[in-house]
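Novice:
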Amino acid sequence: MTRTRTSLLIAAALLAARPAAAQESVFGVRGLGFLAQPISAHSAAMGGGESMFDGNSAVSPASLAAWQKLAGWAVGAQSNRSFNPGSGAVSLNSMRFPTFGFATPVGYRLVVGVTVSEYLNRNWEVQRADTVWPRGSAVPVADHSRSVGGVSDVRFAAAYRVSSRIAVGIGLHTLSGSAQTAVERDFPTDSTYHTFAQVTETDYRGFGVSLGLFASPTKRLVVGASARFNGRLSATNPGGNASVRLPSELAGGLYVVPWDGITVATTIIHDSWSVAAPDLVAAGQLPSRDVWSVGVGAEIALLRMFGEVVPLRAGYRWRQLPFPVDTALFVSERAASGGISFSLAGGRANLDLAVQGGSRTAGTLKESFTTILAGLSIFP
Amino acid sequence: MARTSAWRSALLAGLVAAGGCNEKLTTPGRCPELCPSNSVQLVDTLLTGADVADTTARGYVLTNEATYVAASSLDSLKSVFLIRFAPVQTQWAQTATDTVQAVYPPDSVFVELPLVFRDTTVHPRIVFYRLPAWFDTTVTYAQAQAYFVDSAVLDTVAVPDTGSMEARLPTGLVPGPGDSGIVSIGARVIADSPTVVAFSSGHSRTTWPQLWYFVHGQPPQDSLTRNLVDTATFTTFVQSPAAGQPPPGVLAIGGLPAAHSLIHFSLPGVVVDSAGIVRATLILNLVRPVVGFPGDSFFVNAVPILRDYGPKSVLLPDTTFVGVAVIHAGQTGTVELDLARILRLWGTTVGDSMPRAVMLGVLAEGYTLGEVDVWGHSGSGGGPLLDVTYVKKHEVGVP
């Protein structure tokens, strides 16, 4: 039975490892793409506030210390968005898989695991109509640009429980992925012009290392900190090679249990994306900026259904996105969230459900979104 | 417990179904904020010296291989046509057991010519002449005038508006016993004003000249009748001025004998390698108004060369890459041909080794009188131009 479940888990993971094909935001068309969040449905329900301490999330390698037995998990997210480019609101939908992973204890103190997460989402599709003036006369054109792919973060991590109050972790990150970009220009009203179409495949590679530390000075408080240092992200396509310096990430968090059954957590993350600015400017793009991400949430585990505790969660998060849509016009994102969790199979599986509702804004541009996340954790 | 698990599974299935995996990604671009940073940029360039070598060769379809014969009294084209029919059969019988009858002399003789073209604004008539059975097939227009004398006139017939024209010829036209059995006729056109008339030739696939002769039996079988028919074995027309090699600096396309013109290009790498050519127009300056049946139109095409052997070059058989232009008789100014597909082909791995040359000709040669004479690269009236619109090399994906 255990072997069967493990095989199913591996199969599900391989399925999810296919390149994501969903646009997460209209703002992902700029810069290196849309900056993903490698957090679980559990953490998402709490506004990302618990992501520092959540073993299903890939913020801190020390969080693997939470696992005391073999575990596997995967998260799916369906996002519905609304955006008004000025010509009327459009509705957009997408499906993606933010993260999945495995972890297993090795002995009593050591836990090792592998996590695969989205890092940069480069899925977008844009259509626009324009008029150009070749040969001195007006010619209507229809441009269609599409990018499919992105950069995934594969983390090989280990966490070690130094004592009952301290855990440390280290993660080695491999960034890899590709994006297929298709550009097409059609001349819908002038048959003397031929359609232009070009497809370019770009491969991405990069490395990073992360460190994490949890300390629990009291029984009801855990303090966490993590740091991640990235190398350069290299991009290769038939047109040439380029590389971009990637940011370092510093994160801190608090996990508080003020009363039994009630948890409050917060995570604050800073990414130094401004280090990528010179490379982006050299490539003809606008410079990126350092960004902050703040999440806070609470969980109440007092409700019981079907004989099991059913945790209820709520949270709020706010973050900045690093890539501008115009000179000095940056995007910020805020969302309120809520969620619920069910224990399944006699405690051998957890189903976490979360709903996020929020918006991303840049000046007068605003994208509203509602995301439903479903996370399944299995403990065979 | 079992009921509880089932309840949870149903709940899970419901939630997954409600979430659904549907995708709708396309965003109307709001530029520049929400468009890719490197947009498509069109570049337009007029290449004046792209034609570095050109030549004309004539004879791809000969006049006696055309699908029509023309009689013309136009100032720009004088022509008469010549037809030789198959030997007339000398005997006939109604059935295999009947008495064999001699054809000669027939009761009557008709020549039937299916009409291809006439100018309906004039009232043309065709004057038929008897030609020597074995007239010289290489005769020129000037030499042929010796055949067209009053003493050789057979009949003069008004040209109908449509259908076939029938001319009753003297029964004595059919050769008697001991002759070769060959009947040859010639014809010219006369009308209120200069005009041209064309009929199907022996190379037409649907209709062709026919010589009908009507006979009856000898007593006691004189009630038997028979219509016998002969088809043409040789049809041609001779013209003045004769289509020949164009003067230096001039390229000829079409006409009869059909002419091809070969143009070699020298193209900048940025054009061929861009692989983003959206329009390429070969502009040819006409030396004189387009020749052809009045009001007629035809196609000039440009075919890429697969192997360059001059006038006998091997052409790419794939019609996908052929550039075509519609030409109207009497047209002046320029002829413009779309070469975008050909230039795109040269930008591919397969097309990279192909000569940068095209062969210009008339589509369906032998079916039209149309001829286009244009200035070559050394002509005084402005050589071929190549107007190319392409997308500037588009680099995507690399930040």
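From first to last, the protein sequence lines stand for chains R and U.
Letter 320 of the first sequence, counting from 1, is numbered 320 in our numbering, and no numbers are missing.
To convert, take the position in the second sequence, counting from 1, and add 1000; that gives our numbering.
We treat Cβ as the ideally placed atom computed from N, Cα and C, and that holds for glycine.
Only a predicted model underlies this, so the values are computations on that prediction, with no experimental measurement involved.
1. Do U:Y1147 and U:Y1129 have their C-beta atoms closer together than 8 Å?
2. Hey, does U:G1276 have any beta-carbon neighbour from chain R nearer than 8 Å?
3. My output table needs one value for R:D279: the three-state DSSP class, helix, strand or coil.
4. Could you check what DSSP says for R:Q356 in three-state terms: helix, strand or coil?
5. Going by DSSP in three states, U:T1140 sits in which element: helix, strand or coil?
6. Run the CB neighbour count on U:K1078, radius 10 Å, all protein chains shown included, and call it buried at 16 or more, exposed below.
7. With distances taken between CB atoms, is the gap from U:F1321 to U:D1051 smaller than 8 Å?
8. Could you list which residues in chain R have their beta carbon closer than 9 Å to that of U:V1391, in chain order?
9. Please list, in chain order, the residues of the segment 1323 to 1348 of chain U that have any C-beta partner in chain R closer than 8 Å.
10. Name the chain R residues whose beta carbon is nearer than 8 Å to that of U:D1387?
11. Could you tell me which residues DSSP pairs with R:A227 in its beta bridges?
12. Between R:F369 and R:G338, what straight-line distance do the alpha-carbon atoms span, to the nearest angstrom?
13. Taking the continuous beta strand (DSSP E) assigned at U:V1127, which residues delimit it?
14. List the residues of chain R whose Cβ lies closer than 7 Å to the Cβ of U:R1279, in chain order.
15. Check this for me: beta carbons of R:R313 and R:S25, under 8 Å apart or not?
16. Can you give the Cα-Cα distance for U:L1339 and U:W1346, rounded to whole angstroms?
17. Does U:I1126 pass the burial test, meaning 16 or more other C-beta atoms within 10 Å, or should it be called exposed?
18. Would you list the one or two residues that DSSP bridges to U:H1216?
19. By alpha-carbon positions, which one of U:V1196, U:W1092, U:A1086 and U:A1242 ends up nearest to U:F1214?
20. Enumerate in chain order the residues of its own chain whose CB-to-CB distance from R:S248 is below 8 Å, with the five nearest sequence positions on each side excluded.
21. Is it the case that the segment 1228 to 1246 of chain U contacts the segment 1196 to 1213 of chain U, given that we only count it when at least three CB pairs across the two stretches are under 8 Å?
22. So, R:G212 versus R:S60, is the Cβ gap smaller than 8 Å?
23. On the criterion of 16 or more Cβ atoms from any shown chain inside 10 Å, does R:G107 qualify as buried, or is it exposed?
24. When the cut-off is 8 Å and only beta carbons count, does R:S359 lie next to chain U?
25. Using a beta-carbon distance below 8 Å, is R:D143 in contact with chain U?
26. Kindly say whether R:V132, judged by its beta-carbon, lies nearer than 8 Å to any beta-carbon of chain U.
27. Considering only residues of the same chain and omitting the five flanking positions on each side of R:A41, which have a CB-CB separation below 7 Å?
28. Report the option in R:S43, R:S191 and R:F34 whose CA atom is closest to the CA atom of R:V294.
29. Would you report the Cα separation of R:F97 and R:A45, rounded to the nearest angstrom?
30. Comparing the C-beta of R:V126 with each C-beta of chain U, is any distance below 8 Å?
31. For the beta strand (DSSP E) that contains U:V1196, what are its first and last residues?
32. So does U:V1139 have its beta carbon nearer than 7 Å to some heavy atom of the ligand COA?
33. Hey, U:L1386 and U:P1311: beta-carbon distance below 8 Å or not?
34. Quick check: the segment 173 to 183 of chain R against the segment 78 to 90 of chain R, are at least 3 beta-carbon pairs closer than 8 Å?
Specialist: In this structure, then:
1. Yes.
2. yes
3. R:D279 falls in the helix class under three-state DSSP.
4. DSSP places R:Q356 in strand when its eight states are reduced to three.
5. coil
6. buried
7. no
8. V183, R185, F196 and Q198
9. D1338, A1340, R1341 and R1344
10. By Cβ distance, chain R contributes R135.
11. Note: R:A227 sits in a beta bridge opposite R:L211 and R:L250.
12. If you take the alpha carbons of R:F369 and R:G338, they lie about 14 Å apart.
13. R1125 to L1131
14. Within 7 Å Cβ-Cβ: T192, Y193 and H194.
15. Going by C-beta atoms, R:R313 is not nearer than 8 Å to R:S25.
16. Answer to the nearest angstrom: the Cα atoms are 11 Å apart.
17. buried
18. U:T1225
19. U:W1092
20. A227, R228, F229, N230, D271, S272 and V275
21. yes
22. It is a contact, given that the beta carbons lie within the stated cut-off.
23. exposed
24. no
25. Yes, because at least one Cβ of chain U sits closer than 8 Å to the Cβ of R:D143.
26. yes
27. Cβ neighbours of R:A41 beyond the five flanking positions: V75, G339, D352, L353, A354, L373, A374 and G375.
28. Looking only at R:S43, R:S191 and R:F34, the smallest Cα-Cα distance to R:V294 is reached by R:S43.
29. C-alpha separation (whole angstroms): 16 Å.
30. R:V126 counts as touching chain U.
31. V1196 to S1200
32. Absence of the ligand COA is noted for the structure shown, with no ligands found whatsoever.
33. no
34. no
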